[in-house]
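Notes follow once the structure below has been shown.
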Amino acid sequence: MNRMRAPLFLEEEQVRKHLRMEELIPAMEKALIDFSAGKVTQPVRSVIAVDPPGGFFGMMPALTLDGLGIKIVTFYASNADRGIPTHMATIFLVDPETGTPLAVMDGTLITEMRTAAVSAAATKLLGSPDAKVLAILGSGVQARSHVEALRLVRNFDEIRVWSPTKAHAEQLAKEIGAKAMSAEEAVRGADVVVTATNSKTAVLKGSWLKPGCHVNAVGACRPDWRELDDEAMANIVFVDSREAAIKESGDVILSRTKIHVELGEALAGKVPPRANETTVFKSLGMAVEDIAAALLVYESARL
Numbered sequence: 088m089n090r091m092r093a094p095l096f097l098e099e100e101q102v103r104k105h106l107r108m109e110e111l112i113p114a115m116e117k118a119l120i121d122f123s124a125g126k127v128t129q130p131v132r133s134v135i136a137v138d139p140p141g142g143f144f145g146m147m148p149a150l151t152l153d154g155l156g157i158k159i160v161t162f163y164a165s166n167a168d169r170g171i172p173t174h175m176a177t178i179f180l181v182d183p184e185t186g187t188p189l190a191v192m193d194g195t196l197i198t199e200m201r202t203a204a205v206s207a208a209a210t211k212l213l214g215s216p217d218a219k220v221l222a223i224l225g226s227g228v229q230a231r232s233h234v235e236a237l238r239l240v241r242n243f244d245e246i247r248v249w250s251p252t253k254a255h256a257e258q259l260a261k262e263i264g265a266k267a268m269s270a271e272e273a274v275r276g277a278d279v280v281v282t283a284t285n286s287k288t289a290v291l292k293g294s295w296l297k298p299g300c301h302v303n304a305v306g307a308c309r310p311d312w313r314e315l316d317d318e319a320m321a322n323i324v325f326v327d328s329r330e331a332a333i334k335e336s337g338d339v340i341l342s343r344t345k346i347h348v349e350l351g352e353a354l355a356g357k358v359p360p361r362a363n364e365t366t367v368f369k370s371l372g373m374a375v376e377d378i379a380a381a382l383l384v385y386e387s388a389r390l
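For what it's worth, the working numbering labels the leading residue of the sequence shown as 88, then goes sequentially.
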């Protein structure tokens, strides 16, 4: 009789020890390619609104070629006032062959890192090869994670930071060797732009964008929230999931933009990358990314 191993329980610091951005970026490329090729079973995330206090509870399951699991994610904007994370997550992995629980792990760091790794994959494909100036709109964990990931795919001479809270922008700039400035100053002339804010209205104007630049749009994950104005969304738009974007992305829905292709299709070489044009990657985050990242952690931790 086979004895089942007890599932692993991994806290954030243990996850950090077993997850490397250098390995995560290619894992995300594979996950996106598999997803767009129809090799993944992944319903669009199911979300329960928690009112009061105005939070969201999201369930994100996926069956991939390599694994099976679900991420539970919560988003409470009011947590910022309490000094605790606005986003928190837990990932549950099971054995696809038997349904046996394999691991329960903190998903908050995985969410941060995999989101930035996907943006890095998009930037590697769509950004100018000689990109030198990076603009980050936002100053939270995603801003920090994106700097780490994007530095692995491009050599930036200058990083510019803006945040709705000036003190936060200055703190981040000090940490990463960047300059804090207004949103418009940060974006004008930048080769790569990241929007990673909790804003519900546009913080990025298309008129500021340098022709040929690449934008990774990470915030605005609800159908009535925006980070980019209509002019910014009138460029060549890539998404992680077409189905999710037309249901969840306010930037896509409210601008009535035409989605060019899913990033996984472009990564698979099925369409030209359009690297000479101004491109926008609208990232919503997918369970397939979480499962792929969690499997990297699990395989390393169980050794």
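We put the beta carbon where it would ideally sit given N, CA and C, even for glycine.
8 Å contact criterion, which residue i and residue j should meet: CB distance rounded
i, j, result
"His-174", "Ser-206", "Between Ser-206 and His-174 the Cβ distance is about 16 Å, and since that is not below 8 Å, they are no contact."
"Gly-145", "Val-134", "5 Å"
"Ile-340", "Ile-333", "7 Å"
"Leu-354", "Leu-119", "6 Å"
"Asp-278", "Ala-307", "With 8 Å as the limit, Asp-278 and Ala-307 do not qualify as a contact, their Cβ atoms being about 22 Å apart."
Residue i to residue j span [Cα, whole Å]
i, j, result
"Ser-294", "Ile-197", "34 Å"
"Val-348", "Val-326", "7 Å"
"Ala-182", "Ala-254", "Contrary to the premise, residue 182 reads as Asp rather than Ala in this sequence. Going from the Cα of Asp-182 to the Cα of Ala-254 covers about 46 Å."
"Phe-122", "Pro-298", "30 Å"
"His-105", "Glu-98", "11 Å"
"Ala-273", "Leu-259", "14 Å"
"Gln-229", "Asn-303", "11 Å"
"Glu-100", "Lys-369", "29 Å"
Cβ-Cβ distance between residue i and residue j below 7 Å
i, j, result
"Ala-149", "Ala-381", "no"
"Glu-335", "Pro-310", "yes"
"Val-384", "Val-102", "yes"
"His-301", "Gly-356", "no"
"Val-305", "Ala-321", "no"
Burial state of residue i, where buried means 16 or more other Cβ atoms lie within 10 Å
i, result
"Asn-242", "exposed"
"Val-127", "buried"
"Met-91", "exposed"
"Ala-270", "buried"
"Gly-264", "exposed"
"Met-88", "The predicted position of Met-88 is uncertain, since its pLDDT is 41 and thus under 50; a value taken from the coordinates is nonetheless stated next. The residue in question, Met-88, is exposed, as its Cβ has fewer than 16 Cβ neighbours within 10 Å."
"Leu-390", "exposed"
"Thr-366", "buried"
"Ile-171", "exposed"
Contact with chain C by residue i, beta-carbon distance below 7 Å
i, result
"Asp-153", "As a matter of chain content, chain C is missing from the structure shown, which is built from one protein chain."
Contact between the region 210 to 220 and the region 147 to 164: three or more CB pairs below 8 Å? no
Given 8 Å, three or more beta-carbon pairs between the region 244 to 258 and the region 189 to 199: no
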